[in-house]
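Have a look at the structure below, then the notes.
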Amino acid sequence: MPHRPGVNRETLCSTWWRSSRRPCWTLEQRFLQPAGSMMCEQDSNGLTTASWEFGLDGQKSLRFDTKNGHWTVLHGEGILLKQTLASDRAMTDLLVRTSTGDCRKWLQQVLCPLSTQAAPTTATATVPPKATTNTPIPSVLPVILTCAIIVGLLGWALK
């Protein structure tokens with residue numbers, strides 16, 4: 363445990379026992395691997411929308427819909443992450459701006475080559491076409507950094 367003036371394992375365990383009535387030795391320190399991905403979608407009218415999914419250790423825990431600005435908790439860890447990200451207006455704006463520009467550009471790159479292919483000779487389904495792409499975004503460093511800070515603070519608080 364890192365040294366902090368006036369804080370040692372015994373005082374932390376004593377404090378933990380008084381507040382939770384659980385043995386201190388059940389706590390363990392882990393480093394969680396944060397991840398984020400963006401999914402782009404374009405409907406038959408050409409309207410592009412996106413959603414973001416965030417998770418820890420491969421478990422998706424939070425989804426953000428840029429169309430309506432709604433956050434959805436998918437797993438328990440997403441609650442704290444939602445509280446942190448939803449209260450950060452600059453982060454929310456960054457997610458919307460990034461997805462607006464990147465989705466349009468990516469879908470154009472994917473759909474333009476498809477439009478040059480020959481038209482099918484059989485009848486197509488009546489379901490309106492949708493183009494989607496789901497790509498991990500390495501440029502979500504601020505999001506990942508925020509997650510890492512949250513996890514670090516939680517780990518520090520539970521020591």
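Per the working numbering, residue 363 is the first one in the sequence shown, and the count goes up by one each step. Built from N, CA and C at the ideal position, the CB exists for glycine as well. For clarity, every value in this text was computed on a predicted model and none was experimentally measured.
Proximity test, Cβ basis, 9 Å: residue i and chain D
| i | result |
| --- | --- |
| residue 469 | Checking the listed chains, one finds no chain D in this structure; it contains a single protein chain. |
Residues near residue i by beta carbon distance below 6 Å, same chain, minus five either side
| i | result |
| --- | --- |
| residue 433 | 426, 444, 448 |
| residue 397 | 417 |
With 16 other Cβ atoms within 10 Å as the buried cut-off, status of residue i
| i | result |
| --- | --- |
| residue 470 | exposed |
| residue 512 | buried |
Sequence-distant residues of the same chain with beta carbon closer than 7 Å to residue i, five excluded per side
| i | result |
| --- | --- |
| residue 457 | 414, 426, 428 |
Identity of the residue in the options nearest residue i by Cα
| i | options | result |
| --- | --- | --- |
| residue 438 | 466, 446, 423 | 423 |
Neighbourhood of residue i by C-beta distance below 8 Å, restricted to the same chain and skipping five residues each side
| i | result |
| --- | --- |
| residue 420 | 395, 397 |
Inter-residue Cα distance where the pair is residue i and residue j
| i | j | result |
| --- | --- | --- |
| residue 468 | residue 430 | 21 Å |
| residue 436 | residue 411 | 20 Å |
| residue 463 | residue 407 | 18 Å |
| residue 402 | residue 461 | 8 Å |
| residue 473 | residue 409 | 13 Å |
| residue 400 | residue 459 | 12 Å |
| residue 465 | residue 446 | 25 Å |
Margin query: I want to know whether the stretch 452-468 touches the stretch 436-443 - three or more CB-CB distances under 8 Å.
Written below: no
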